[in-house]
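See below for the structure under consideration.
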Ligand SMILES: NC(=O)c1ccc[n+]([C@@H]2O[C@H](COP(=O)([O-])OP(=O)(O)OC[C@H]3O[C@@H](n4cnc5c(N)ncnc54)[C@H](O)[C@@H]3O)[C@@H](O)[C@H]2O)c1
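Residue numbers (my numbering): 159 to 416.
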């Protein structure tokens, strides 16, 4: 039985009810996990209000601002977890960002600043959050991040985010290798295309979704809740032998040659 009762789970990356992280948070809650939720703070507090109202039914015991480009906010997030929970079991890294200009047109025109921003937020943040989680995962743990096929294939317009995902998947392997001796497992879910705030910035996302609906073995794309189910599995003891892997949750699209 999939049971996360007694497990403390930190979920990053909820922006709205389309977010993949929202699908994950719902399924972790359904499996009995105690949730902490972070949100990206903005000057007018828009995200804070929106996300806090959305997650209220899941009764999170922590609700914290955490911009992954802000070292103090990361430190404060994990200090609070240590003080309030004592231990962390599950870390969901479900966030990414690249400038809209860098997600369309020619990859060779990516700016130095745009490249750095995409890799800082989308890739380095997994390394930093995992490093902060490590001392708190005293009874082992499960770290899960979100990737996309564009990290291993050239997908039109995905551009710098493909490079960020390639780095993310390599980071999963290096983190898994380091943290395995503490029984901390690190895996990625490579999800099929889903309409969200972040994916709407990728040029031609609707065409990508229609293509998957025609070609994928299941003749559809996936839902946030399906990704959430896989995250709950990977977070649980049912996945105790799995680490360092990229698991495709994409209605089978990845296996197709044409
Ligand atoms: N939607 C898809 O088709 C798809 C497919 C595969 C993988 N993914 C990945 O899933 C993850 C979640 O994306 P999503 O599609 O649910 O979109 P989303 O827009 O709902 O989520 C992206 C999240 O990143 C957060 N974020 C951006 N910059 C941040 C920062 N500096 N600090 C903290 N948080 C920050 C945003 O606040 C938002 O909550 C991303 O890693 C994305 O690449 C998405």
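We put the CB at the ideal spot given by N, CA and C, even for glycine.
- Taking the Cβ of residue 215 as the reference point, every heavy atom of ligand 1 lies at 7 Å or farther away.
- Distance check between residue 239 and each of 224, 258, 184 and 162 places 224 closest, using alpha-carbon atoms only.
- Looking only at 192, 228 and 200, the smallest Cα-Cα distance to residue 390 is reached by 192.
- Taken from the Cβ of residue 390, every heavy atom of ligand 1 lies 7 Å or farther away.
- Here the alpha carbon of residue 222 sits roughly 13 Å from the alpha carbon of residue 208.
- Residues with their Cβ less than 5 Å from any non-hydrogen atom of ligand 1, running along the chain, are 171, 173, 177, 178, 198, 225, 226, 227, 252, 253, 254, 255, 279, 304, 306, 349, 351, 352, 354, 355, 356 and 357.
- DSSP, read as helix, strand or coil, puts residue 257 in coil.
- Rounded to whole angstroms, the separation of the alpha carbons of residue 276 and residue 316 is 12 Å.
- With the rule of 3 Cβ pairs closer than 8 Å, the region 363–381 counts as touching the region 396–412.
- In the pairwise beta carbon analysis, the region 170–189 is classified as touching the region 382–401: at least three pairs are separated by under 8 Å.
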